[in-house]
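Since the structure comes first, as structure tokens, the remarks are kept for the end.
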């Protein structure tokens, strides 16, 4: 099922003429015949959930937008895709820039935003040019600017480059950065829907979310809701990386099982080099890692599917999260301790330094993990790590603290024996990896699950 | 405020208080006083936008409001959360809060150099108080602490970035008091540093106030540097006819010598009135000032060394805060016979018990 990537392989789809020939900008024509409230209603009906990671229903987010008289409102597209393992937005913007622009125009109309911003991470330098070219093309053809399609609606889209900080993907930090300030997350409330950019009501949405508005308007919200299962409606882009035969971007309709997704030739094509599956992070680096036995089947023994509900089945004890769709697969050669250390280093580097638990705790965790990885660890360090992550989680302003704590917690929860092996066999741990142990074996339910 | 304004009832640790709408939980707790007040390292009532960063004032909201009684899912920063009518808050009665607070104090001390023996702030340092009251006695941190390149901020203010807890108070002070951006935070994470870009000096006639707002010894007075320990100097309130500021200051004296001039601080350690650099750094002679009398210092402070003048007693809610033993709020020496030479020690039944405390009102 392909909705977003339907025309991704058409040559020249990056340019306006080809895109228009393949049905582009139909949704704008349709949307401008509707009222803004009708569009919001359509999005609500579609059941679309935010694709940035949290999975908050988009229609509901839009309906929270305050509409005070005489105050401009803004739509901001969050293209600061910095989660390790996630690169779906890059693909969308690089190959289908007009799809994003189209979604932005419809959404701006629905929300009444006359100045819409794309906040893009600094590292995507070449995509800025692609987007700006697409915006210019759209403007030349009358889809942007003053009085679009004689509807009386004016809209401009601006591309703003960030400095490449992970924290600026958090919506309030993004807003601060967009305003030209230091990218520190704001304390909520007030939420951006009340006071966002320049204290004006603001909606911040992910690239994929805004692109998904296009098929919703084209086909109708109810049609869109028929795709998928339960509350996971529509299609989701997954960026697969790691030890699979065919890494890349896949669009799924969330009905596939995890097993099918990893091993079928249609998708990842199985583990590369004939190795066995050890673990997987299903939704970007900050969601809990799952060992193979809990990945393919839930703790209850049911098949796990690629959707929001099924992936989070079992909570954090035996489940994970859909997150942003950064699907990282690890084979038996990979070392979980080293992997966790790498993530801890990332979060240490990217913590903004505002709240003390995250600022100091991330660095502390990284140093302990480095000790364990390089054979200088103690068994008490594992308990200490657990305690530190517990003190960080939930005690910070923004979710970066949680994001830093979850991978460490999950790694210890599921791979404690590997950590202990590292501590007990420091010399051996330098030369070989712990291997599979029981992680790929039939279901083993941890205590308290 | 007019009397018609509706008041919100908020219950903190089983003690109910009525406050105006828009009050934060922390300020409501401060109205009650005593041990139910959460500690605050970054919040400063006089600085707009401060608070929410240090996470020491986390509290548990067990009931959101009368209308929406759901508890809040996470611990909230009491300094930035406004009260709702009927809200119920748990501070020292919540184990979750005490545990989280202990964690925060530990995190704050992870990279703190603990150089109190050579720190000018020692004795009036909020981090000392905080770790004494809420922290653990040992550290579990075994690594090198972070260090910074030394930065010179001019002739008056010395910056020890290693001691900084990044409360952002000085940044807000410089921005709001001087109408001009003086300095800010560079870098991020555990290497974020207070800095004036390209090593400029802090230069403004009110900038000395950043020394007073700093909760730790990161920003100290160069004119007082290594001159004396604060607890050897006597604080006296004094004023002068300064044209720039109000001229109301506190002198730290030894004999007739003025060692240091600071602004006056209230019971929460917050400056009452800002003073200018001229008063702070240049008027170092008793002749410049009209001395009003000794300052009122909290009885718990080491500065007054047991000589308390006109201090209000902390309220005691031992009967109200059930389930937890609050720390001793009464001076044990006044209620126990131990310090009375006429009573033979062997005749004293045992440690002071609750009856002793109840009779102290007489």
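Residue numbers (the numbering used here), protein chains in the order written: chain A, 3 to 451; chain B, 2 to 363.
Note that CB positions come from ideal geometry on N, CA and C, so glycine has one too.
The alpha carbon of residue 382 of chain A has as its nearest neighbour, out of A/207, A/20 and A/426, the alpha carbon of A/426. No Cβ of chain B is located within less than 8 Å of the beta carbon of residue 259 of chain A. Boundaries around residue 48 of chain A are those of the alpha helix (DSSP H), 38 to 48, since no beta strand (DSSP E) includes it. By the C-beta criterion, the segment 95 to 104 of chain A is judged not to be in contact with the segment 148 to 155 of chain A, since fewer than 3 inter-stretch pairs fall below 8 Å.
Fewer than three beta-carbon pairs drawn from the segment 416 to 435 of chain A and the segment 396 to 405 of chain A are found closer than 8 Å, and the two stretches are therefore not classed as touching. In chain order, 339, 340 and 343 place their CB closer than 6 Å to the CB of residue 375 of chain A, counting only its own chain and leaving out the 5 sequence neighbours on each side. Between residue 175 of chain A and residue 192 of chain A, the gap from beta carbon to beta carbon reaches 8 Å or more. Relative to residue 92 of chain A, the option among A/116, A/34, A/209 and A/59 whose CA is nearest is A/209.
Proximity of residue 115 of chain B to chain A, defined by a Cβ-Cβ separation below 8 Å, is not satisfied.
Look at the segment 186 to 206 of chain B: the residues with a C-beta under 8 Å from a C-beta of chain A are 186, 188, 189, 190, 191, 192 and 193. By the neighbour-count criterion, in which 16 or more other beta carbons inside 10 Å mark a residue as buried, residue 329 of chain A falls on the buried side. Within the segment 67 to 99 of chain B, contact with chain A at the beta-carbon level (separation under 9 Å) is assigned to 74, 75, 76, 78, 81, 82 and 83.
Assignment of residue 224 of chain A by DSSP, reduced to helix, strand and coil, places it in the helix class. Using a Cβ distance threshold of 8 Å, residue 334 of chain A and residue 438 of chain A count as a contacting pair. If you draw a 10 Å sphere on the C-beta of residue 14 of chain A, you find fewer than 16 other C-beta atoms in it, and that means exposed. Counting only the Cα atoms, residue 114 of chain B lies some 30 Å from residue 276 of chain B.
Under the 8 Å criterion on CB atoms, residue 45 of chain B is classed as non-interfacial with respect to chain A. Contact between the segment 130 to 139 of chain A and the segment 357 to 367 of chain A is not established, with fewer than three Cβ pairs separated by less than 8 Å.
Contacts between residue 366 of chain A and chain B, judged by CB atoms closer than 7 Å, involve 111 and 142 in chain order. DSSP places residue 251 of chain A in the strand class (E or B) of the three-state scheme. The three-state secondary structure of residue 86 of chain A, taken from DSSP, is coil.
Residue pairing for residue 212 of chain A: DSSP places it in no beta bridge.
Closest in alpha carbon position to residue 296 of chain B, among B/262, B/284 and B/283, is B/262. A Cβ of chain A is located within less than 8 Å of the beta carbon of residue 101 of chain B.
Each of A/218, A/357 and A/371 was checked against the Cα of residue 29 of chain A, and the nearest Cα belongs to A/218. As computed with DSSP, residue 135 of chain A is found in no beta bridge at all.
Against chain A, a Cβ distance below 7 Å from residue 166 of chain B picks out 358. Residue contact check for residue 131 of chain B against chain A: no CB pair falls below 8 Å.
Less than 8 Å divides the Cβ of residue 184 of chain B from the Cβ of residue 175 of chain B. Residue pairing for residue 251 of chain B: DSSP places it in a beta bridge opposite B/238 and B/263.
For residue 196 of chain A, not one C-beta of chain B is nearer than 8 Å to its own C-beta. The three-state secondary structure of residue 197 of chain A, taken from DSSP, is coil.
The alpha-carbon of residue 39 of chain B is positioned some 29 Å away from that of residue 119 of chain B.
In the DSSP annotation of this structure, the continuous segment of the beta strand (DSSP E) that includes residue 194 of chain B starts and ends at 194 to 196. Beta-bridge annotation (DSSP): residue 333 of chain A is paired with A/279. At least 8 Å separates the CB of residue 214 of chain B from every CB of chain A.
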